[in-house]
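What follows is a single structure, written as structure tokens, with notes after it.
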Amino acid sequence: MTSYIVPFLLLIIFVTAVVKKVDVFGEFLEGASENLKTSFEILPTLVALVLSVGMLRSSGVIELLSQLASPLLEFTGFPEECLPLALIRPISGSGATAVFESILTQNSPDSFAGRVASIMVGSTETTFYTIAVYYGVTKVKNSKHTLVCALFGDLVAITGSFLITKYFFGI
């Protein structure tokens with residue numbers, strides 16, 4: 034049944050377009066043209082984000098922050114392996130995926146760090162990327178309040194991933 038849903042929806046769209054005498058191909062071309070313009074508008078922002086993530090990873094800033102936070106992490110019980118993930122996730126989804134894969138490779142997916150990282154990846158957002166894309170397209174300049182609230186949400190999700198794992202798995 035589910036394999037027929039998409040063709041059925043396409044058929045409904047086509048029949049509706051024929052009945053209303055809409056130039057489907059012309060509308061498609063117009064939409065594709067608008068999307069290309071939008072892509073070119075947000076391209077500089079995306080290049081800046083990718084460049085900044087590369088600089089953070091290759092400069093060793095993330096490792097330095099991990100070493101500085103090590104005593105606090107040890108005191109709270111937060112897995113030290115997950116701090117780079119917590120730092121990179123709001124900036125880059127692909128960078129976070131690479132860090133996440135290394136956590137799962139070095140530890141097992143069923144380890145405490147693996148479970149915390151799994152919940153963290155599922156509950157946090159690539160905040161800077163999302164704000165850059167959506168606000169870049171809509172030309173919104175003042176994202177101060179959005180950024181503060183979104184980063185607070187990420188902090189709650191990161192803390193929650195640790196506490197949930199600790200509570201449910203008792204590790």
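Here the working numbering runs 33 ahead of the position in the sequence shown, where the first position is 1.
For each residue, glycine too, the CB sits at the ideal point set by N, CA and C.
Exposed is the label assigned to PHE185, since fewer than 16 other Cβ atoms lie within 10 Å of its Cβ.
Contact between the segment 69-80 and the segment 161-174 is present: 3 or more CB-CB pairs across the two stretches fall below 8 Å.
For the pair PRO112 and PHE58, the CB atoms are not nearer than the 9 Å cut-off. Rounded to the nearest whole angstrom, the C-alpha separation of PRO104 and ARG90 is 22 Å. At a Cβ-Cβ threshold of 9 Å, SER125 and THR179 do not count as neighbours.
It is roughly 18 Å from the alpha-carbon of GLN100 to the alpha-carbon of ARG122.
Cβ-Cβ separation between ILE197 and ALA119: approximately 15 Å, too far for a contact (criterion under 8 Å).
When the beta-carbon positions are compared, THR138 and VAL154 stay at least 9 Å from each other.
The residue from LEU69, PHE201, TYR162, CYS182 with its alpha-carbon nearest to that of SER85 is TYR162. Runs of the alpha helix (DSSP H) lying entirely within the segment 51-136, each at least 4 residues long, are 57-92, 94-109, 116-121 in chain order.
Cβ atoms of ILE164 and SER176 come within 8 Å of each other, at about 5 Å. The Cβ atoms of VAL94 and CYS115 do not sit closer than 9 Å to each other.
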